[in-house]
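Here the structure is laid out as structure tokens; the discussion comes afterwards.
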Amino acid sequence: MGALDLNSFGILSLITFLPLLGALVVAFLPRENPKVLRAAALLFGLANLGLSLLIVNAAGTMVFVERLNWIPAFGVCYGMAVDGISMPLVILSCLVVPIIVATTFHVGSGLKEYLVLLLIMETGMVGVFCATDIILFYVFFELTLVPLYFLIGMFGGVNRIYAAFKFFLFTAFGSLPMLVAILFLLYQHHQTTGFWSASIADLRSLQLDAATQNWVFAGFALAFAIKVPLWPLHTWLPDAHVQAPTGGSIVLAAIMLKLGTYGFLRIAMPLAPQAAHTFATPVLVLAAISVIYGAYLAWAQDDLKKLVACSSVSHMGFVMVGLFALEPLAVRGAMLQMLNHGVSTGALFFLVGCAYERRHKRGLDDYGGLVKVSPALGIALVITSLSSIGLPGLNGFVGELLILLGAFKTQPVFAILCASGVLLGAIYMLQMVRRVCYGTPNCEEAARLSDMSVAEKFAFAPLVILMFWIGLAPGFLLERIGPAVDSILAALGNT
Amino acid sequence: MQENLLELIILIPFASVAVQYFLHRVLPARLAGLIACGAVLVPFLLTVVVGRGIGSAAPQVPAVTATIASWLTGGGLEVAFGLRLDPLSCAWTLVVTGIGFLIHVYSLGYMHHDPGFKRFFIYMNLFIGSMLALVLGDSLPLLFLGWEGVGLCSYLLIGFWFEDMDNARAGQKAFVVNRIGDLGFLLAMLMIFQTFGTLDIATVTSSLSAGHAQGLYPLGDGRITLIALLLFVGACGKSAQLPLFVWLPDAMAGPTPVSALIHAATMVTAGIYMVARFSVFFALAPVASAVVAIVGALTAFVSATIALRQRDIKKVLAYSTCSQLGYMFLGLGVGAYGAAVFHVVTHAFFKALLFLGAGSVIHALSHEQNAMKMGGLKPHLPRTHWTFFVGCFALAGIFPFAGFFSKDKILGEALLGHGWLFPLVGVLGLITALMTAFYTFRLYRLVFTGPERLDDHARAHLHESPATMTLPLVILALLSIVGGALSLPAFAHFDLLGDYLRPIFASALAVAGEHAHHAVNVEVALMLVSLAVVIGGAWWAWNRFAEGPGDQLPLPQSGLPFLLENKWFVDEIYAIFVIGPMRGTALLAGFFDRYVIDGIVNGLARLCDLCGAFVRLLQNGAVHTYALLFLAGAVYLVCSLL
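Line by line, the protein sequences are chains A and B. Just so we're aligned: the first sequence equals residues 6 to 500 in the working numbering. Just so we're aligned: the second sequence equals residues 80 to 721 in the working numbering.
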């Protein structure tokens with residue numbers, strides 16, 4: 006790791022807790038001066054992004070390992086490390102926070118709380134991807150829930166209380182079986198080896214019988230399936246997205262949904278490898294339904310945010326098909342597609358937010374002629390939509406192709422079903438583009454929208470760059486994701 | 080050295096796109112246009128230079144290859160941005176860049192007054208780059224990248240004047256219908272990867288031939304047949320074949336140079352390219368080949384019938400394009416691969432010519448496109464007129480114009496083929512040739528001769544087009560006259576293109592068995608028959624429309640003319656049987672989500688709420704209630720103990 010021994014000073018802890026420090030600092034700044042508040046949040050966000058780039062070479066094995074005793078009586082540790090699977094997700098988490106800060110210009114009096122919640126959120130998100138101890142994972146997993154609940158509940162739309170409540174209940178409902186599964190695993194480990202441990206690596210070495218694995222897997226699967234979200238557990242997502250402020254939607258789409266798929270890959274599948282095979286078919290069925298149902302659902306929407314939210318259901322179903330094809334290429338693709346979905350859908354919510362701030366309407370027919378009225382915004386929306394429907398040369402295609410190539414080997418039927426989702430994606434996305442971007446403005450207000458501000462352009466630029474970069478040169482990420490994926494699959498009993 | 084030049088061929092158009100996009104504020108429009116033209120001309124010249132050096136590596140297919148960068152790696156997959164210039168891709172590259180350059184020059188004049196001038200040339204260059212990726216890409220994903228890239232440019236250029244929602248809708252239709260085809264292509268790619276473990280096209284085709292030689296893939300192998308059919312589904316989308324041809328006529332909403340370049344000369348031939356590229360698969364799958372031949376013949380026939388009654392000058396040409404593409408597939412289906420590619424080349428010449436000529440007419444008439452409102456333009460547009468006239472002869476296939484030779488090669492191979500299918504599709508092709516000659520000269524008569532039927536708006540700026548527009552017309556007209564010399568009939572023993580392409584199709588023809596050479600007199604007799612048919616059709620139209628449209632002017636209300644004028648109601652059938660049910664499913668999903676799934680979710684929540692409310696009744700804080708419950712419990716206990 007170069008001249009500097011990064012292992013020695015706990016880089017992961019730094020990335021995880023610097024935002025929390027930032028939250029504390031922002032909390033003590035005077036609320037009268039929004040510029041200072043934003044500058045401080047931006048500073049911490051950017052600093053953390055810079056720091057997160059130091060872990061960019063994590064690949065096949067766990068690196069930057071940190072390990073401290075936490076609750077020794079039960080073998081619970083504060084354990085952190087990253088590999089090629091968690092690294093890109095950590096960096097993406099660090100990237101979206103400064104981007105979101107740039108969307109806060111319309112937030113009025115509550116700006117301070119908004120930023121504090123956002124920074125706390127970042128701690129949770131980074132932590133959950135770094136944790137190597139299952140209790141720590143659980144703590145971070147739940148920690149992300151609270152700030153988002155408040156972001157939606159405090160800064161959301163008209164129906165925000167219903168949405169926040171629904172979001173919270175759904176997730177909490179899933180978390181309980183997961184906690185039971187975790188405690189059971191800890192107990193099992195104590196029973197079989199005689200000592201306590203909550204380290205995921207230790208728990209992986211447990212030789213559970215098939216029936217037990219099924220129960221453990223089911224406990225985790227419920228929590229993660231709600232987060233993904235897998236059909237029919239998805240109805241919280243459109244509501245949460247529609248009501249959430251722009252920043253909340255971006256975090257939700259870019260990172261929060263990935264907690265589900267990441268959880269499957271990192272926790273549920275390795276801890277219950279046999280069950281992962283047993284449950285593959287039912288999960289694939291639900292995932293394929295998500296792909297197609299989500300696409301049709303998106304087609305039926307007249308609300309921009311709801312359309313993007315429903316498209317998320319479809320795309321995340323695609324990721325799940327990739328994961329449960331249990332094939333090296335497909336899982337690589339799924340991993341890449343997690344990032345792609347984060348970038349593209351995050352970008353879509355960013356742009357929809359930009360449009361909403363100007364127009365205060367979210368209907369597809371409340372705009373028209375956007376590429377003429379606000380060229381930068383319109384063109385950005387067109388490019389992002391193309392990335393979302395998997396146009397080759399942009400990011401979405403690479404992930405989809407790898408998933409399909411891999412899944413077709415082991416699960417051809419589901420690969421074919423998924424491929425048809427690609428077709429539906431073009432339909433609903435392009436009709437959205439047509440109604441919003443082309444034609445002529447539908448009314449006076451729609452004809453006078455201002456274009457993207459400089460700040461917005463700067464905030465959006467990294468996302469566009471990522472779309473092209475992942476689309477044209479995915480090798481950089483694949484080299485790092487690949488070995489990590491292979492080592493997990495090897496433990497699952499297939500290579 | 081050659082490798083670097085090959086890389087430049089494809090990088091220059093993309094670099095030009097970047098330059099024009101990032102400097103669009105500072106570049107003067109004229110300079111931007113010139114850069115765009117140069118970015119097509121230079122690759123053309125480079126292709127000539129590099130292409131000269133690829134002829135000598137027998138027995139393998141001669142080729143120059145280059146790798147720009149790696150793309151998808153790991154997990155048993157190795158795909159790079161690799162290029163491969165062999166005779167087939169070289170022929171296509173020359174057509175794409177050569178015709179492309181002429182159309183770019185033409186556009187300098189045609190788009191001169193358009194506020195979107197710079198945007199237009201960015202899209203056009205992007206198209207050229209994507210088309211080159213499609214043609215030069217050495218792997219299926221790269222081919223697919225180009226495939227989708229040209230689809231994107233087509234989408235953007237059809238909707239170029241996007242303020243009009245109809246144009247935007249036509250663009251969307253083109254993209255979505257193409258995507259249906261792409262689904263087939265994608266599935267074929269998945270099957271190929273599963274079967275051969277690689278996506279490199281040369282490796283795939285050579286291991287298929289090798290496998291066949293070892294008895295691994297017998298003739299008619301189910302898997303290979305399925306792959307071939309899926310590939311053909313993709314080809315049907317891009318090359319506008321039945322039943323996916325509906326997007327192409329609507330695509331005429333784009334500027335006319337776009338119709339010439341993308342929707343006639345180059346992009347729509349991508350399906351032909353793909354089938355030709357994977358000719359070994361089709362040679363090994365007689366069923367798939369038969370499907371290709373039948374679909375091609377039917378498309379040729381059906382589109383020609385529609386073209387008979389169209390009023391819009393561009394719509395006639397658009398249906399004619401579908402029809403001519405049908406000929407090409409007919410050729411591929413009967414194993415006349417070389418002839419099909421030959422027809423691609425000549426068609427590119429004369430159809431680009433006709434579209435650009437039509438554009439020149441439309442330009443002169445201030446965007447009037449209805450041929451019923453034209454007539455008598457011959458003296459006003461002299462250069463446009465004679466070049467268009469040449470194009471008509473070439474399209475109708477009259478000796479010695481280019482179309483005659485290529486169309487005749489295809490028909491000859493079909494009519495003289497074995498079995499009953501080949502002659503059958505050949506006869507269908509012959510009938511189509513009759514209709515082609517008819518609608519071509521009908522169009523010519525309606526536009527250029529007879530009484531003037533212009534309205535005032537169209538007459539206002541009636542003028543011959545500037546030199547930037549007429550010069551390409553003249554060059555294309557010359558090519559349409561002499562293009563047939565590229566590949567003369569077999570008895571002439573002069574087949575430049577055929578010899579050049581021979582190594583490409585060698586393995587496919589080895590599998591299917593080389594076509595028997597026919598006696599000279601049989602070939603000549605056949606030529607005379609088809610020539611008689613074509614001249615008959617042309618003569619018929621020439622006389623019938625000498626004085627303008629005559630009885631075709633009023634809209635027909637019934638019978639065959641009514642069906643033809645309304646394009647056999649194919650769009651309406653789609654709306655009812657495809658789009659309607661899908662849209663219905665979407666609405667159903669929306670309903671199901673809202674009332675069933677969320678109904679259950681909210682119902683559960685309400686149930687919890689009700690339970691809470693019920694329990695709350697017990698905990699109401701009133702002492703007498705507790706006392707009553709206490710008493711009830713006590714009574715119950717006592718009773719149960721007794």
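Built from N, CA and C at the ideal position, the CB exists for glycine as well. Because the structure is a prediction, the values reported are computed rather than measured.
Let's test the definition: count the other Cβ atoms within 10 Å of the Cβ of residue i and tell me whether it reaches 16, buried, or not, exposed.
i      : result
B:Y715 : exposed
A:V418 : exposed
A:L9   : With a pLDDT of 49 at A:L9, under the threshold of 50, the modelled position of that residue is not reliable, and no figure is offered here.
A:L312 : buried
B:M210 : buried
B:L287 : buried
A:T500 : Because the pLDDT of A:T500 is 38, which lies under 50, any placement of that residue in the model is unreliable, and the question is left without a value.
B:E602 : buried
Cα-Cα, which of the options is closest to residue i?
i      : options                        : result
A:I435 : A:W304, A:M343, A:F134         : According to the sequence as given, residue 435 of chain A is Leu; it is not Ile. Nearest of A:W304, A:M343, A:F134 to A:L435, Cα basis: A:W304.
B:M661 : A:G430, A:F49, A:V61           : A:G430
B:F199 : B:G225, B:C232, B:T176, B:S218 : B:C232
B:V229 : B:T345, B:H703, B:A617, B:R462 : B:T345
A:P110 : A:V68, A:A46, A:L34            : For the sequence presented, residue 110 of chain A should be read as Phe rather than Pro. Nearest C-alpha to A:F110: A:A46.
B:Y296 : B:T274, B:K317, B:G313         : B:T274
B:L90  : B:L411, B:L205, B:P530         : B:L205
B:S544 : B:Y185, B:L266, B:Q631, B:S559 : B:Y185
A:F323 : A:Q342, A:R337, A:Q306, A:L309 : A:Q342
B:L533 : B:K457, B:E447, B:G438         : B:E447
B:P92  : B:Y202, B:E242, B:R104, B:Y189 : B:Y202
B:G316 : B:G179, B:G417, B:D487, B:M353 : B:M353
A:K117 : A:L409, A:S180, A:L48, A:K40   : A:K40
A:G268 : A:H246, A:L328, A:A300, A:D307 : A:L328
Return the bridge partner residues of residue i from the DSSP annotation.
i      : result
A:R72  : A:G84
B:C158 : Before going on, a small fix: residue 158 of chain B reads as Val here, not Cys. Beta-bridge pairing links B:V158 to B:L151.
A:L399 : A:P397
A:A136 : A:M85
B:V214 : Paired residue(s): none; B:V214 is not in a bridge.
B:D487 : DSSP output for B:D487 lists no bridge partner at all.
A:L276 : DSSP, once it has assigned bridges, lists no residue as partnering A:L276.
A:T368 : At residue 368 of chain A the sequence reads Gly, which differs from the Thr that was named. Looking at the DSSP assignment, A:G368 forms a beta bridge with A:D308.
B:T547 : In DSSP, B:T547 forms no bridge with anything.
B:N449 : B:D391
Does the distance between the C-beta of residue i and the nearest non-hydrogen atom of the ligand GDP fall short of 7 Å?
i      : result
B:L222 : Because no ligand of any kind appears in the structure shown, any question about the ligand GDP cannot be addressed here.
Please compile the residues from chain B whose C-beta is within a distance smaller than 9 Å of the C-beta of residue i.
i      : result
A:W304 : M661, R662, T664, A665, L666, A668, G669
A:G374 : F241, E242
Determine the chain A residues that contact residue i at a beta-carbon separation under 7 Å, and present them in chain order.
i      : result
B:Q251 : L435, Q436, R439
B:V680 : T240
Would you mind telling me which residues of chain A sit closer than 9 Å to residue i, beta carbon to beta carbon, in chain order?
i      : result
B:T152 : P479, G480, L483, E484, G487
Please compile the residues from chain B whose C-beta is within a distance smaller than 7 Å of the C-beta of residue i.
i      : result
A:K432 : It is Ile, not Lys, that sits at residue 432 of chain A in the sequence shown. What A:I432 touches in chain B: V255.
A:T445 : E242
A:G398 : L224, G228
A:Y301 : T664, A665, A668
Could you work out which residues of chain A lie near residue i, taking near to mean beta carbons separated by less than 8 Å?
i      : result
B:P220 : P397, L406
B:R685 : Within chain A, no residue comes near B:R685; the closest Cβ sits about 13 Å away, beyond 8 Å.
**OP:** Count the C-beta pairs between the segment 456-472 of chain B and the segment 395-410 of chain B that are closer than 8 Å, then say yes if the count reaches three, no if not.
**Re:** no
**OP:** For the segment 337-353 of chain B and the segment 443-454 of chain B, state whether three or more C-beta atom pairs, one from each stretch, are separated by less than 8 Å.
**Re:** no
Original post:
So, do the segment 157-167 of chain B and the segment 95-115 of chain B have three or more beta carbon pairs nearer to each other than 8 Å?
Top reply: no
Original post:
Per the contact definition of three or more C-beta pairs closer than 8 Å, is the segment 648-665 of chain B in contact with the segment 549-560 of chain B?
Top reply: no
Subject >> Contact the segment 316-327 of chain A vs the segment 256-271 of chain A: 3+ CB pairs below 8 Å >> reply: yes
Original post:
Contact between the segment 452-463 of chain A and the segment 49-59 of chain A: three or more CB pairs below 8 Å?
Top reply: no
Subject >> Sufficient close CB pairs (3 or more, under 8 Å) joining the segment 369-376 of chain A to the segment 437-446 of chain A >> reply: yes
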